[in-house]
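Notes follow once the structure below has been shown.
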Amino acid sequence: MEKLKAVANREEDKIVIELDDIQDFEDSGNVANGLVHKILTNTWRYIELIYRICDKLMPPPTKPIGHMDDVLDVIMQHRKDKDQQRAPEDKTRFPAALTRRYSLYIKPLKSEDPLAIREINGSYVGHLVTVKGIITRVSDVKPFLLVAGYSCEMCGDEVFQEVTKKNYTPLMMCPSEKCQKNKVKGKLYMQTRTCKFVPFQEVKMQELTEQVPVGHIPRSMTIFLHGTLTRSMNPGDIVNVSGIFQATPHQGYRGTTSLLTDVYLEGQYIQQLKKQYDKMVMTPDISEKIQEFARDPDVYTKLSKSIAPEIFGHDDIKKALLLLLVGGVSKSMGDGMKIRGDLNICLMGDPGVAKSQLLKYISKVAPRGVYTTGRGSSGVGLTASVTRDPVTDEMVLEGGALVLADNGICCIDEFDKMEDGDRTAIHEVMEQQTISISKAGITTTLNARTSILAAANPLYGRYNTKKSPTQNINLPAALLSRFDILFLILDKHLIEDDTKLAQHVAHVHQYGKHPERGNDILEVQMIRHYVAEARSKRPVVPSEVASYMVSSYVQMRQDQADAMARKQEHTYTSARSLLAVIRLSQALARVHLRDEVMRQDVAEALRLLNVSKESLNDSDDNLPTGRLFHIVKNLFKDTDSLPLDDIKDEVLSKGFSDEQLMDIIQEYSVMDIWELDETSTTLKLLNRNDNEDEEL
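Numbering (UniProt numbering), first residue to last: 1 to 696.
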C-alpha cells in the first residue's frame, strides 16, 4: 500500500513484484501452495491480474495536481474524473491501460540459476526464465504504441483500441451509439495526442564463451524492453536478464507470414554482473575496510600480489597491471583538447611466461574487459562495422572490441600476428581514444576510452640475444611510442628460480589454489571496490615534483641517445615517455588514495620503466650487483660524501630496489670501499682507486 501511495502521488512510476516475498507468504501458510509455480509458468496472465488488483486498490492521491506537474499527469487526472461520472457498464469508459501511469514487473526468485541461451526450448514458452549472456547490440529507444486513440468525423466521440500484439489492424468505422442511432458510418481518424506510447528498445544478447560447447558458434537471442527498463544495458555488459519467453510469427518478405516462428524474451528484470566503477554500491563495511587498507604503507605491494596469485613471480609486471586498472587522470582543456589518462602496456617475451594468463585475469577483473587475439581480429572487428538493422532496415554502426571496452580494458593477445593494415586501426584509439568512421554515408566519431593491454612474441619466436632489441621487437616506432610500458620478459635458466616455479605450479595443481601468503591476498570483488575508490581521486602534480620529472625526462633522452650509439636501444623515447611517467605517477598516488603526487611516486614510475628492460641486462657477464656498484661509484665524481636519500633516488630511477642498495653498501663496506656515518644518513667514500673496477 505504501508503494501504491507513492505511485498515486506520482513519486514512482514502476511496481516490482518480488517472487521471494510471495514464496515467504506461501511458506507461512497464508495461501495455498503452488502460487509461485503458477506465476512462473503463466506469467502474462498473472501480470494482467496484478494490474487489475493494483488499479482496484490504488488510493486517491494526497498531493493535488498543480501547474508544476507533468502535462500527461493533468490529462490522466481529467480522464479519471470523467470516467467516475460514467456508469461502470458504459462502453465509452477509458481503457485501464490508458489511465495507468506505472509499469509492473516481476522479479524472479534469487535461488533460480540463470540458463544459457541454448538451454531454452519450446517447453519454456510463456514461462518466466532467467538468461545469462553478453549484450552485443542495443537499438535506439523508440515509442511503442500501447493504446491507439481515434476521433469520429461525424459524432466527435473519442474511441480507443488496446494494442496487444506486434501488428494490429486500425479501426475504420465508429462503434459509438450516436452513429448507430443516426444510422451513419462515421469514419475514424487516428489522433496521436490521445494515443499512449511507451519507450521500446530491442537488445541482442549472445552466449558467453564458457557456455559454448566445443565446435559450436555462440547463439544469440532478441530481448524486448519496455518502459523504465530501456537504456539500462549497453553493448559489452554481462547481465542476467529475466523475462517471459514468447513466440511470434516470422514476418517474411513484404509482410507475408512465414511458416517459421521467431522467439524473443519480454524483459522483466535486469541484473548487472559486472558493474561500472562509478555504479558500485559502497557499503559502510566495505568503505571502512578500504580506508583501513589504504593506511597500510605496503598497500601497493599487497594489491599487486593479489593480482593473479596463481601465477608465480612477475612482481613488477603485476605492479604495472595494477596501475593499468587504476589509470591516470584524463584531462580536458578549455579549448576542447583532451589528454588521455588511461595506460597502455605491452608484454613481449618468450613462450611460456604466462602472458596470456595475465591478460585473461585482467579482462575478468575489469568491469568492462574484452579479450581478443591478433589472428582472430580484423581492423573492422576491433573498431566498428556498418551493418543493416533488421528492425528498421537502416544502415547502422555496430561497435567492435575497442568500442565494447569503452571505459574498460581491451586485452589483445598474439599482437605480433596481426596484419599491418589491421594494426594501424589501433593507432588512433591508443592516443586520441576515438574511432573516426566514414563508411556507407555514415561519418561520425565513436568514443573508445579504453586501455590497451597487448601480449606478443619476439620476431623469431624466442628472444635472440645476438640481435638488437629493435630487431627482436619488430614493431613500428609509431606504435611503440604509444605504449607507456613495454615489458621484455626473457625465460632465463636459473636453478633456484626454476625450482621455486616448479614447486608453485605443483602446489596449484595439487590443492587447486595458490600457496598461502597470510592475509595479503585480497578477493577479486575487494580489488574492484578498492580500484573504484582509487579512481575517484584526481591527484595533482606540485611544482617541485614537476621539476624532478623534467630532469628525469632529459636524462632518459640522453640515455637513449647513448643506447642508439651502441645500437642497443630498447624503445623509442619521446615526449610521450614524459606523459607515461606522469600517468604512472598519478596512478601510484591514486593507489595510496592521495590528492597529490609525491617524489617517491615519480621514482617508482621511473623504476618500472627501467625494470621493463631489466631482463635484457641480466646476462652472466653483466650482473646487477656490478652495475649497481658502478652507478653508486659514478655519483662520487666530485665529492667524497653523499646523502643516502640522493643515492636512493638515483638507484630507484635505474630500476633497483632499496634492499639491493643496502645489500651492496654493506657488502662493499666490508672491503673498505665506503662506509655509512653514525646516523646512517650519509655515505662516505674511503678509497678512490679507479683500478678497483677491474678487480671487482
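Just so it is clear, CB atoms sit at the ideal spot from N, CA and C, and this is done for glycine as well.
Values in this document were obtained by computation on a predicted structure and should not be read as measured data.
Run the CB neighbour count on residue i, radius 10 Å, all protein chains shown included, and call it buried at 16 or more, exposed below.
| i | result |
| --- | --- |
| LEU683 | buried |
| LYS305 | buried |
| GLN85 | exposed |
| ASP349 | This sequence places Gly at residue 349; Asp is not what is there. Flag for GLY349 reads buried. |
| SER176 | buried |
| VAL7 | buried |
| LEU641 | Per the sequence presented here, residue 641 reads as Ser, with Leu not at that position. Exposed, by the Cβ-count rule. |
| TRP44 | exposed |
| SER332 | exposed |
| GLU544 | exposed |
| VAL141 | exposed |
| ALA366 | buried |
| LYS183 | exposed |
| ASP618 | Residue placement at ASP618 is flagged as unreliable, the pLDDT there being 49, under the threshold of 50; a coordinate-derived value is accordingly withheld. |
| PRO59 | exposed |
| GLY66 | exposed |
| ASN622 | Low confidence applies to ASN622: its pLDDT is 44, below 50, so where it sits in the model is not reliable enough to give any reading. |
| ASP24 | exposed |
| GLN503 | exposed |
| SER481 | buried |
| ASP620 | Residue confidence for ASP620 is low, a pLDDT of 37 falling below 50, so the modelled location carries little weight and cannot support an answer. |
| TYR511 | exposed |
| HIS529 | buried |
| PRO143 | exposed |
| TYR553 | buried |
| ASP420 | exposed |
| ASP406 | buried |
Return the residue from the list the options that minimises the CA-CA distance to residue i.
| i | options | result |
| --- | --- | --- |
| VAL524 | ASP420, SER551 and ALA308 | ALA308 |
| residue 767 | ASP298, SER612, SER669 and ALA366 | Past the edges of the chain, shown from 1 to 696, lies residue 767, and the structure says nothing about it. |
| ASP262 | TYR269, PRO249, MET430 and LYS274 | PRO249 |
| THR387 | HIS427, ARG566 and ILE442 | ILE442 |
| residue 698 | VAL159, ARG10 and LEU98 | Only positions 1 to 696 of the chain appear in the structure, and residue 698 is not among them; the question remains open. |
| ARG193 | ASP335, ILE75 and VAL239 | ILE75 |
| VAL651 | ILE15, ASN634 and ILE673 | ASN634 |
| ILE673 | THR679, ILE665 and SER680 | ILE665 |
| THR444 | ASP413, SER451 and ILE435 | ILE435 |
| LEU229 | ILE15, SER547, GLN471 and LEU584 | ILE15 |
| SER551 | ARG340, SER653 and THR499 | SER653 |
| PRO476 | GLU675, ASP416 and ASN240 | ASP416 |
| GLY243 | LYS178, LYS132, THR301 and LYS319 | LYS132 |
| TYR463 | ALA506, ASN474 and VAL597 | ASN474 |
| LYS187 | PHE197, LYS181 and CYS174 | CYS174 |
| MET526 | VAL36, MET430 and ILE286 | ILE286 |
| SER232 | LEU479, LEU260 and LEU273 | LEU273 |
| HIS427 | LYS439, THR450, GLY408 and VAL163 | THR450 |
| VAL590 | ALA546, ARG576, GLN558 and SER536 | The residue you asked about is not Val; residue 590 is Arg in the sequence shown. Here the closest residue by C-alpha is SER536. |
| ILE409 | SER378, THR372, ILE437 and GLU394 | THR372 |
| GLN201 | LEU225, GLU210, PRO218 and HIS216 | LEU225 |
| GLU678 | ASP658, ASP649 and PRO643 | PRO643 |
Thinking residue i and residue j are a contact (beta carbons under 8 Å), I'd like their distance in whole angstroms, please.
| i | j | result |
| --- | --- | --- |
| ALA534 | VAL326 | 5 Å |
| ALA384 | GLY369 | About 19 Å separates the two Cβ atoms, so there is no contact after all. |
| GLU596 | VAL540 | 6 Å |
| LEU324 | ILE345 | 5 Å |
| LEU19 | ILE39 | 7 Å |
| TYR264 | THR222 | 4 Å |
| residue 710 | HIS592 | Summary: the structure shown does not reach residue 710, with the chain confined to residues 1 through 696, and so no result is reported for it. |
| SER111 | ASP13 | With a Cβ gap of about 29 Å, SER111 and ASP13 do not count as contacting. |
| THR62 | HIS127 | Rounded, the Cβ-Cβ distance is 39 Å, inconsistent with contact. |
Check this for me: beta carbons of residue i and residue j, under 8 Å apart or not?
| i | j | result |
| --- | --- | --- |
| THR136 | SER220 | yes |
| ALA587 | LEU343 | yes |
| ASP157 | ALA96 | no |
| GLN268 | TYR105 | yes |
| LEU321 | ILE362 | yes |
| LEU347 | ILE317 | yes |
| ALA425 | LEU453 | no |
| ARG538 | VAL329 | yes |
| VAL602 | TYR548 | yes |
| PRO458 | ASN447 | no |
| LYS395 | ALA440 | The sequence shown places Met at residue 395, not Lys. In contact: MET395 and ALA440 (Cβ atoms closer than 8 Å). |
Consider the C-beta atom of residue i and the heavy atoms of the ligand MN; say whether any pair is separated by less than 7 Å.
| i | result |
| --- | --- |
| VAL299 | For the structure depicted, the ligand MN is absent and the ligand set is empty, with no information on it obtainable. |
Please specify which runs of the beta strand (DSSP E), each continuous and at least 3 residues long, are wholly inside the segment 295–349, giving them in chain order.
345–349
Could you give the uninterrupted runs of the alpha helix (DSSP H) lying entirely in the segment 374–431, keeping only those of 4 residues or more?
379–382, 401–404, 420–423 and 425–431
What are the uninterrupted segments assigned as beta strand (DSSP E) that are 3 or more residues long and contained completely in the segment 167–203, given in chain order?
188–190
Within the segment 473–544, note down every full alpha helix (DSSP H) run reaching 4 residues or more, in order along the chain.
477–480, 495–511 and 524–535
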